[in-house]
Every structure is written in structure tokens, then in C-alpha cells.
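What follows is a short report on a single structure.
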Amino acid sequence: MPAKNVYHDAVLEALRADGWVVTHDPLTLSFGGKDLFVDLGAERTALAAERGEQKIAVEIQSFLSPSPVRDLEEAIGQYDVYRAVLAEMDPERPIYLAVPRRVHEGLLTERFGQMIVTRLQLRLLVFDEQPGRVVRWIG
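Numbering-wise, the sequence shown is residues 14 to 152 according to my numbering.
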């Protein structure tokens, strides 16, 4: 199993504060003889009875290297692999890329970042590292 991301606990806290129950830590995906590990799986019951349960997968990225563009390339590659496998195994469970607020307010709000998010139809969970809360859901 892979090591936990530096922001793992902050995202756990943020999801819980936002009403989610973390059901998998990590969420294991097995497909074609390969095992993959998405950082978290979570669910919550919607208030409207007809909507039922919502389930999500969350991949956490820290963006701590000197090159945020390179970090984005790596994050999107991992995200897309997980998104493809989830589409086959659990199509009702969307995946979100969890990014710190500083990354969203920096790289991802710049013209380049906006184009990437839009063209690749990324779902983002923007979180505050401190105190560990969801700032925004995108997608």
C-alpha cells in the first residue's frame, strides 16, 4: 500500500466536517489483475429520500515540488487512471482530485489551469490545510 499524503488527515477532517463518512482508507480498486489504491472512499446520505446515498472517491495531491505544473501532470495521470477504472467498476462513484486552496487560487485559477480543468472535466475538492475544511467542490 502506498504512503499517505502529507494532507491526508486534513482532507479526512474536511470530509467529515462536510458531512461525509469515510468508508475506505484507502479505496482499493482491483481490475485486470492490478490493484490500485485511491486515497479515500466516502459516502453520505442525501437529505432528499429519492436521491439516496452519494459515494465518491478522493485522490489527494499536495503539490509540494518546485514545479506545480509537473505535479499537475502527475496528479492528472493518476486521476485519469482511477477515473477509468471506476467507470468500469463503480460508475456511480465519481472521483475528485483534492487540492489545497493555495493550488486552486494559484495554478488552477490561472488561464492555463482553468483550461486544463475545463478540457479534462476535472472534479476538484478544494480544501484548507488548516483547519481541515472543504472550501469548494468543483465539477
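Note that CB positions come from ideal geometry on N, CA and C, so glycine has one too.
Run through DSSP, which three-state label would Leu25 get? Taking the first residue of the sequence shown as position 1, residue 25 is located at position 12. Reduced to three states, the DSSP call for Leu25 is helix.
For Glu56, which of helix, strand or coil comes out of DSSP? Looking up residue 56 in the sequence shown gives position 43. DSSP places Glu56 in strand when its eight states are reduced to three.
By Cβ distance, which residues of its chain are closer than 8 Å to Trp33, with the 5 residues on each side in sequence left out? As a first step, residue 33 is located in the sequence shown; it is residue number 20 there, counting from the start. Only residues of its own chain outside the window of five on either side were considered, and among them Ala55, Glu56, Arg57, Ile69 have a CB closer than 8 Å to the CB of Trp33, listed in chain order.
Within its chain, find whatever has a CB closer than 6 Å to the CB of His117; leave out the 5 residues flanking it on each side and keep chain order. As a working note, residue 117 is residue 104 in the sequence shown. Annotation for His117: Val139 place their beta carbon closer than 6 Å to its own, counting only its chain and skipping 5 residues before and after.
With a threshold of 6 Å on Cβ separation, who are the neighbours of Phe76 within its own chain once the five nearest residues in sequence on each side are excluded? What you label residue 76 is simply residue 63 of the sequence shown in a count that begins at 1. Within the same chain, Cβ atoms closer than 6 Å to the Cβ of Phe76 are found at Asp84, Val116, the five residues on either side in sequence being excluded.
For the beta strand (DSSP E) holding Arg146, just list the boundary residues, first then last. The residue given as residue 146 occupies position 133 in the sequence shown. Counting along the chain, Arg146 sits inside the beta strand (DSSP E) bounded by residues 146-151.
For Ala88 and Gln74, believed in contact at Cβ under 8 Å, the rounded distance: Position 61 of the sequence shown holds residue 74. Position 75 of the sequence shown holds residue 88. Yes, Gln74 and Ala88 are in contact; Cβ-Cβ is about 4 Å, under 8 Å.
Tell me, which residues are paired with Val35 by DSSP? As a first step, residue 35 is located in the sequence shown; it is residue number 22 there, counting from the start. Val35 pairs with Ala55.
Counting along the chain, where does the beta strand (DSSP E) carrying Val116 start and finish? Reading the sequence shown from its first residue, position 103 is the one you call residue 116. Membership of Val116 in any beta strand (DSSP E) is not indicated; the residue belongs instead to the alpha helix (DSSP H) covering 114-118.
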